[in-house]
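Visitor: Quick note on UniProt numbering: the sequence shown kicks off at 1 and runs consecutively. Yeah, the Cβ is synthetic: ideal placement off N, Cα and C, and Gly gets one too. Fair warning: this is a prediction, and the values are worked out from it, not measured in the lab. Before we start, here is the structure in question, set down as structure tokens.
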Amino acid sequence: MELKQIKTFITIVEWGSFSEAANQLYLSQPTVSLHIKQLENELGIELIGRTTKSHELTPHGEKFYEYAKSIMQMAYNIENTFSQKNNHKFTIGASSIAASYILPQLISAFSRKYPDNEITLFQSDTIKVINDIALGSLNLGIVGSQSMNNNLKFERIFQDKLVIATAYNDHFLALQASNPSIQELLRHPFISREDGSGTLKESAMLLREMKIDPLKLDKVLEVNNNEAIKQFIKLGTGISIISELAVINEVKNKEILTFPIDHKLSNRDFYLVHRKNSHLTDASRHFVEFVRKIDLNNLNFDISIDEEDEDDEDEPLNKDKTKKKKTKNSSKSRDFHRMVKPKRIHRKIND
1 MELKQIKTFI TIVEWGSFSE AANQLYLSQP TVSLHIKQLE NELGIELIGR TTKSHELTPH
61 GEKFYEYAKS IMQMAYNIEN TFSQKNNHKF TIGASSIAAS YILPQLISAF SRKYPDNEIT
121 LFQSDTIKVI NDIALGSLNL GIVGSQSMNN NLKFERIFQD KLVIATAYND HFLALQASNP
181 SIQELLRHPF ISREDGSGTL KESAMLLREM KIDPLKLDKV LEVNNNEAIK QFIKLGTGIS
241 IISELAVINE VKNKEILTFP IDHKLSNRDF YLVHRKNSHL TDASRHFVEF VRKIDLNNLN
301 FDISIDEEDE DDEDEPLNKD KTKKKKTKNS SKSRDFHRMV KPKRIHRKIN D
């Protein structure tokens, strides 16, 4: 029995299909099927029942799934505990907004304080980042939504806003002066993010709360990159719902107009995520502690970490301390949570 086979099995269960597991693991579908066959042959049991129309976990498969998660967690902890070469390394996954607009300054500041550490950054959609952390493929993540995975810890670190972004032209300048409704703005051709995007999920939830069906928008384009979306907006191809953080420079340079969305769900929280009850490398632990000392809403990176504070792993982020001077104008975190639920299917596996 090999860890790669166990990891493949967990991924199939978490994502609900052989084909999606292959995509997530960057393997061919025949390789995924082979891993499961090898696992079943070695155990002498059927883990996944096959029919012509679907696949379902057997009772043995259900039980093995619980063991498999424990095995992968233990393997991760062993590697990080005893592998000295990993003590100064860690991997972090981030959604597009976090990777492009939050982490560059954050990692730069961290690297100045801990110059001997080696960081590997992966950018992907929110759901994949969360899944990779759950599987142990990544140490940490920064994402724009939470999941319902009880094995993960999400800590709020930053609050952004979703806005409607349009071209900076006479038409939209005149429209801006008339204080248009969101319904009026959304009659224009719309540019959407791709499936799996945290921005897409948050904006869809926001629109539904405002009694607007996101499926009825005049979608002309689906793009998986915010920089490309901004270029299309500037060219007048369409409008989009986008992170306010992503268009700060374009608004300042009068290349893009933004319209606020008057609803509490337009406030979007970003989270630092890692596994609960798992051993963090020295480097990743230092990074978590570093982030906890920063008020990202004020982009205040001029901080110091006291040695006596370095073991407060469960301390809430941005919590004021009596020893430390409080940061001025700190933004208060919202109490509401938005959930993204991955395709975690225990019984039925589609393909």
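Given K4, which residues of its chain have a CB within under 6 Å of its CB, disregarding the five upstream and five downstream residues?
Guide: As a position in the sequence shown, residue 4 is number 4, starting the count at 1. Contacts found: none.
Visitor: Check the C-beta distance from S96 over to Q73 and give it rounded, since I have them as a contact under 8 Å.
Guide: The residue labelled residue 96 in the question sits at position 96 within the sequence shown. The residue labelled residue 73 in the question sits at position 73 within the sequence shown. With a Cβ gap of about 28 Å, S96 and Q73 do not count as contacting.
Visitor: Can you give me the Cβ contacts of P189 inside the same chain, cut-off strictly under 6 Å, excluding the 5 residues immediately before and after it?
Guide: On the sequence shown, position 189 is the one that residue 189 refers to. For P189, where only same-chain residues beyond five positions count, the Cβ hits under 6 Å are D218, V220 and G238.
Visitor: Rounded to whole angstroms, how far is the Cβ of A283 from the Cβ of F90, which I believe are closer than 8 Å?
Guide: Taking the first residue of the sequence shown as 1, we reach residue 283 at position 283. Taking the first residue of the sequence shown as 1, we reach residue 90 at position 90. Going by Cβ atoms, the distance from A283 to F90 rounds to 5 Å, so yes, they are a contact pair.
Visitor: Which whole-angstrom value describes the C-beta separation of G144 and Y76, a residue pair presumed to lie in contact below a C-beta threshold of 8 Å?
Guide: Working through the sequence shown from its first residue, we reach residue 144 at position 144. Working through the sequence shown from its first residue, we reach residue 76 at position 76. In fact, because the Cβ distance is near 25 Å, the residues do not count as touching under 8 Å.
Visitor: Below 6 Å CB to CB, which residues in the same chain sit around D269 once its five sequence neighbours on both sides are set aside?
Guide: The sequence position of residue 269 within the sequence shown is 269, counting from 1. Excluding positions up to five away in sequence, the list reads R156 and Q159.
Visitor: Whole angstroms is fine: what's the gap from L175's alpha carbon to A167's?
Guide: In the sequence shown, counting from the first residue as 1, residue 175 sits at position 175. In the sequence shown, counting from the first residue as 1, residue 167 sits at position 167. The straight-line gap from Cα to Cα measures roughly 11 Å.
Visitor: So who's on the other strand from D160, going by DSSP bridges?
Guide: As a first step, residue 160 must be located in the sequence shown, where it is residue number 160. R268, per the DSSP bridge assignment.
Visitor: Could you have a look at H35 and say whether DSSP puts it in helix, strand or coil?
Guide: Position 35 of the sequence shown, counted from the first residue, corresponds to residue 35. Here H35 sits in helix by DSSP.
Visitor: Could you tell me if the beta carbon of E244 falls within a distance shorter than 7 Å of some heavy atom in the ligand ZN?
Guide: Among the components of this structure there are no ligands whatsoever, and the ligand ZN is therefore not found.
Visitor: Which whole-angstrom value describes the C-beta separation of I48 and L57, a residue pair presumed to lie in contact below a C-beta threshold of 8 Å?
Guide: For the purposes of this step, residue 48 is taken as the residue at position 48 of the sequence shown. For the purposes of this step, residue 57 is taken as the residue at position 57 of the sequence shown. The pair is a contact, with the Cβ atoms about 6 Å apart (cut-off 8 Å).
Visitor: Where does S70 fall in DSSP's three states?
Guide: Walking along the sequence shown from the start, residue 70 turns up at place 70. Here S70 sits in helix by DSSP.
Visitor: Which residues in the same chain as L206 place their Cβ atom closer than 8 Å to its Cβ, once the five residues preceding and following it in sequence are excluded?
Guide: Along the sequence shown, one-based indexing puts residue 206 at 206. Cβ neighbours of L206 beyond the five flanking positions: L162, I241, I261, H263, L265 and S266.
Visitor: For L200, which of M210, V223, S181 and L185 has the nearest alpha-carbon?
Guide: Position 200 of the sequence shown holds residue 200. Checking every option, the nearest Cα to that of L200 belongs to V223.
Visitor: What does the alpha-carbon distance come out to for the pair L140 and S178?
Guide: As a working note, residue 140 is residue 140 in the sequence shown. As a working note, residue 178 is residue 178 in the sequence shown. Their backbone Cα atoms lie some 45 Å apart in a straight line.
Visitor: Which class does S243 belong to by DSSP, given the choice of helix, strand or coil?
Guide: The residue labelled residue 243 in the question sits at position 243 within the sequence shown. Here S243 sits in strand by DSSP.
Visitor: Measure the Cβ-Cβ separation of I256 and I229 and say whether it is below 8 Å.
Guide: Position 256 of the sequence shown, counted from the first residue, corresponds to residue 256. Position 229 of the sequence shown, counted from the first residue, corresponds to residue 229. Against a cut-off of 8 Å, the Cβ pair of I229 and I256 comes out as no contact.
Visitor: Whose C-alpha, out of I142, P214 and N253, is nearest the C-alpha of V291?
Guide: Translated into the one-based positions of the sequence shown, residue 291 becomes position 291. Measuring from the Cα of V291, the nearest candidate turns out to be I142.
Visitor: Can you name, in chain order, every residue of its own chain whose Cβ lies under 8 Å from the Cβ of E244, other than the five neighbours on each side?
Guide: What you label residue 244 is simply residue 244 of the sequence shown in a count that begins at 1. For E244, where only same-chain residues beyond five positions count, the Cβ hits under 8 Å are D160, K161, L162, V163 and T258.
Visitor: If you count every other CB in all the chains shown that lies within 10 Å of the CB of I233, and 16 or more means buried, which is it?
Guide: For the purposes of this step, residue 233 is identified with residue 233 of the sequence shown, where counting begins at 1. The residue is buried, with at least 16 neighbouring Cβ atoms inside 10 Å.
Visitor: Mind checking which residues open and close the alpha helix (DSSP H) that includes I10?
Guide: Within the sequence shown, residue 10 is the residue found at index 10, counting from 1. Here the alpha helix (DSSP H) through I10 covers L3 to W15.
Visitor: Output the residue ranges of the alpha helix (DSSP H) runs that lie fully inside the segment 58-143 and measure 4 residues or longer, sorted by chain position.
Guide: Taking only runs of at least 4 residues, the alpha helix (DSSP H) segments lying wholly in the segment 58-143 are 59-82, 103-113 and 126-135.
Visitor: Considering only the alpha carbon of each residue, which of F9, I92, R50 and S19 lies closest to R275?
Guide: Locating residue 275 in the sequence shown gives position 275, counting from the first residue. Cα-wise, what sits closest to R275 is I92.
Visitor: What residue range does the beta strand (DSSP E) around residue 408 cover?
Guide: For residue 408 there is no data in the structure shown, the boundaries of the chain being 1 and 351.
Visitor: Do H55 and I45 have their C-beta atoms within less than 8 Å of each other?
Guide: Taking the first residue of the sequence shown as position 1, residue 55 is located at position 55. Taking the first residue of the sequence shown as position 1, residue 45 is located at position 45. Their beta carbons are not under 8 Å apart, which means H55 does not touch I45 by this criterion.
Visitor: Whose CA, out of H88, T120, S28 and V129, lies closest to the CA of L272?
Guide: Working through the sequence shown from its first residue, we reach residue 272 at position 272. The shortest C-alpha separation from L272 is found at V129.
Visitor: Could you give the DSSP three-state label for T281: helix, strand or coil?
Guide: Numbered from its first residue, the sequence shown carries residue 281 at position 281. Looking at T281 - three-state DSSP - the assignment turns out to be coil, as it is neither helix nor strand.
Visitor: Pop quiz: D125 and G196 are said to be a contact at Cβ under 8 Å. What is the actual Cβ separation, rounded to whole angstroms?
Guide: Sequence index remark: in the sequence shown, residue 125 carries index 125 (1-based). Sequence index remark: in the sequence shown, residue 196 carries index 196 (1-based). 4 Å between Cβ atoms; contact.
Visitor: Grouping DSSP H, G and I as helix and E and B as strand, with all else coil, what is I229?
Guide: Residue mapping note: residue 229 aligns to position 229 of the sequence shown, counting from 1. Note: I229 maps to helix in three-state DSSP.
Visitor: How would you write the range of the alpha helix (DSSP H) that L185 sits in, first residue to last?
Guide: If you number the sequence shown from 1, residue 185 lands on position 185. Where L185 is concerned, the enclosing alpha helix (DSSP H) stretches over I182 to L185.
Visitor: Give me the Cβ distance between A21 and T8, rounded to the nearest whole Å; I'm assuming they're in contact under 8 Å.
Guide: Here residue 21 corresponds to residue number 21 of the sequence shown, with the count starting at 1. Here residue 8 corresponds to residue number 8 of the sequence shown, with the count starting at 1. With 8 Å as the limit, A21 and T8 qualify as a contact, their Cβ atoms being about 6 Å apart.
Visitor: How big is the Cα-Cα spacing for D116 and N87?
Guide: Against the sequence shown, residue 116 aligns to sequence position 116. Against the sequence shown, residue 87 aligns to sequence position 87. Distance between the alpha carbons of D116 and N87: 10 Å.
Visitor: Of the residues Q231, L186 and G236, which one's Cα is nearest the Cα of L215?
Guide: Within the sequence shown, the letter at position 215 stands for residue 215. It is L186 whose Cα lies nearest to the Cα of L215.
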